Every structure is written in structure tokens, then in C-alpha cells.
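Residue numbers (our numbering): 93 to 260.
For glycine and all other residues, C-beta sits at the position ideal for the given N, C-alpha and C.
Given the structure is predicted, the values throughout are model-derived calculations rather than measurements.
This report concerns only the one structure given below.
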Amino acid sequence: MNLLPGSAQAAAIGLSIAFPLLLLLYARIAATGGSGRRFRLGCITIIILYAIACMALPGQRQVGDMLGGLLLLGTAMMFCYILFSLLAWGFTLTLLTALVQAGRPLTLEQWAEAYMQGGDLGMFTHNRLKLLVGARMVITAGDRLTPTAKGVAVAHLVRFVRRSTGLG
């Protein structure tokens, strides 16, 4: 019994590793448009490269091997999409959902109240601050807030990832 991946699966593994790098490359090309368009373009490019690899690789082509490779590529795309979505849309879409559920135009204060399910902007800010303090990214000293070394590192990491993926 051979447990090594077939040639199509090996190509899919290589392309799965290259996929985030391709997205970073597309983030540097202004002509690729918005971040959603870049992601779709990356997915299409990887699928085309996989099809080319399946045709160009030597040896016998097995349907199971090619299907397994497609599943590997799909998994890599979903993983990258989850990370991409968290960076680009997570909090924003939650705010949008609260606005839509209200069913009417809202002021900023009413929007925060709808999002916080009864709280105001002060409560909203306090809620976000509790998360940062709980994660030990911010410390409070009296009425002052200071980022910890961990908070600074996380902020730099997020800024780097957003810039390198074209999201910030």
C-alpha cells in the first residue's frame, strides 16, 4: 500500500502552499481591484494552474487523485477565506447586521444600542476595552490606557497582514 500522494495531489499541496503567496502578490497589483476581487482572482488562478498541472504532469492520470487534489485545493481556499474574512469583514458585517435588523434608519447612538442590544456608545466602547484588557493587550492605570508589549506586537502584526493583503 502506497500512502504517498499522487502527482495531482502533490501539485495541489504545492499550490495550496503557494495560494497565500499569490494573494499577497495580487495585493501589490493595483489593477486587480478590490480585496474581494483579488481573492476570487487568486482562486481562479490556482484552479487554472491545477488544471494545467494535471495535464502536464507525467504518468497515468487517476480520477481519484485529481479529485483528491481538488479537495485539497478547496480546503486551502476555505482556510484562506476564513482568515481573509476575519481580517476584512468580521466586525463590520456584525455592525451591518444590527443595522439591517433594526429595519429603519438609525443614528450612530441608536446603531450602537442595536449592536449592543440595549447599550450606548459608552457601553460599546467599554465592552471592546474589556476584551483588550482581558486579552492582556491593554492595561489601565487610573484613567489612562496603555498598550502592553503583547498589544503592540498584535497591532503591528495586524497592520502588517492588512497591508500585505491589500486590506489596510
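Between the beta-carbon of S99 and the beta-carbon of G160, is there less than 8 Å? no
Are there 16 or more other CB atoms within 10 angstroms of the CB of A148, so buried, or fewer, so exposed? exposed
Less than 8 Å between the C-beta atoms of I144 and L114, yes or no? no
What separation, rounded to the nearest whole angstrom, lies between the Cα atoms of L95 and Q154? 15 Å
Give the straight-line distance between the Cα atoms of Q193 and G210, rounded to the nearest whole angstrom. 14 Å
If we define contact as Cβ-Cβ less than 8 Å, is Y207 a contact residue for chain B? Among the protein chains of the structure shown there is no chain B, as only one such chain exists.
Assign R129 to one of two classes, buried (16 or more other C-beta atoms within 10 Å of its C-beta) or exposed (fewer than that). Taking all protein chains in view, the Cβ of R129 is surrounded by fewer than 16 other Cβ atoms within 10 Å, so the residue is classified as exposed.
If you run the structure through DSSP and keep just helix, strand and coil, what is R236? For R236, the secondary structure class from DSSP, reduced to helix, strand or coil, is strand.
Under 8 Å between the Cβ atoms of Y164 and A104? A small fix is needed here, since residue 164 is Leu in this sequence, not Tyr. Cβ atoms of L164 and A104: closer than 8 Å.
One question on the structure: do A206 and A190 come within less than 8 Å of each other, judged by their Cβ atoms? When the beta-carbon positions are compared, A206 and A190 come within less than 8 Å of each other.
Please name the residue in R120, L249 and C172 whose C-alpha comes closest to that of A110. C172
Where do the N-terminal and C-terminal ends of the alpha helix (DSSP H) with P112 fall, by residue? S99 to A119
Quick check on this structure: which residue in P112, R255 and R236 has the alpha carbon closest to the alpha carbon of T167? P112
Would A233 and P239 qualify as a contact pair, given that the criterion is a beta-carbon distance under 8 Å? Taking 8 Å as the Cβ cut-off, A233 and P239 do not qualify as a contacting pair.
What are the start and end residues of the alpha helix (DSSP H) that includes A143? S127 to A148
Going by DSSP, what residues sit across from I174 in a beta bridge? Beta-bridge partners of I174 (DSSP): none assigned.
R254 versus S108 - alpha carbon distance: Going by the C-alpha atoms only, they are around 20 Å apart.
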